[in-house]
Structures are given as C-alpha cells and as structure tokens.
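Colleague: Using this note's numbering, you'd call the opening residue of the sequence shown number 1 and step up by one each time. Glycine included, C-beta positions come from ideal geometry on N, C-alpha and C. Can you keep this structure in mind? I'll have questions shortly.
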Amino acid sequence: MDNLIQAVFELVVRNPGIDTPEVCVRLNQRIENKDQLTGPFLAAWLSKNEPSAWVKTCEAVDELISEGQVTFGDDGDLRATGYAS
C-alpha cells in the first residue's frame, strides 16, 4: 500500500468521523489553517492554496473508498471499515 494511502487510513482509524480537508491539513503539517476553516470552506481553501496536497489527499481517500477500507458519510465524515493491507 502506498505510504500516503496508509497514512490516510491510519488517521481515519484514529479519528473516526474526520473529513477529507482535515485529513489533508493533519498530514501536511506545513499547511497553516490560520482562519480555522472547516468542511467545504477548508476544502475550497485547500483547492486554491494547496492544490497538490489537496489532490493527493483526495486521491488517497478515493482509493481507500474504492478498496472498501473507508466509507464516506453524508456529512463528509470518513470511517474505517476494515484493515488496510
């Protein structure tokens, strides 16, 4: 499993209900969320200001969803469903 995908999975396991923008910020410690944005506002900010990190995080989340390792809830929450290989 790719290192980023593994890191995303581990973060979701430790933080059930976390959303993708928060995953991106936590995995990229150089990103400063000075305005304390959350949810779709943080996603829009990341897309504009940190597009590379945002795209890579989204791709990792998408891979985990397609593998059935995490689910994506109606509110954007991520939850682990199994153990990553």
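Which value, in whole angstroms, describes the spacing of the CA atoms of residue 40 and residue 21?
Modeller: Their Cα atoms are separated by approximately 8 Å.
Colleague: Give the secondary structure of residue 74 by DSSP, where H, G and I count as helix, E and B as strand, and everything else as coil.
Modeller: Reduced to three states, the DSSP call for residue 74 is coil.
Colleague: Buried or exposed for residue 36, please, with buried defined as at least 16 other CB atoms from any protein chain shown within 10 angstroms of its CB.
Modeller: Burial call: exposed.
Colleague: Can you grab the Cα-Cα spacing for the pair residue 44 / residue 13, in whole Å?
Modeller: Near 25 Å, if we compare the C-alpha coordinates of residue 13 and residue 44.
Colleague: Residue 35 by DSSP, collapsed to three states: which one?
Modeller: It is coil, neither helix nor strand.
Colleague: Helix, strand or coil for residue 30? Go by DSSP, reduced to three states.
Modeller: Note: residue 30 maps to coil in three-state DSSP.
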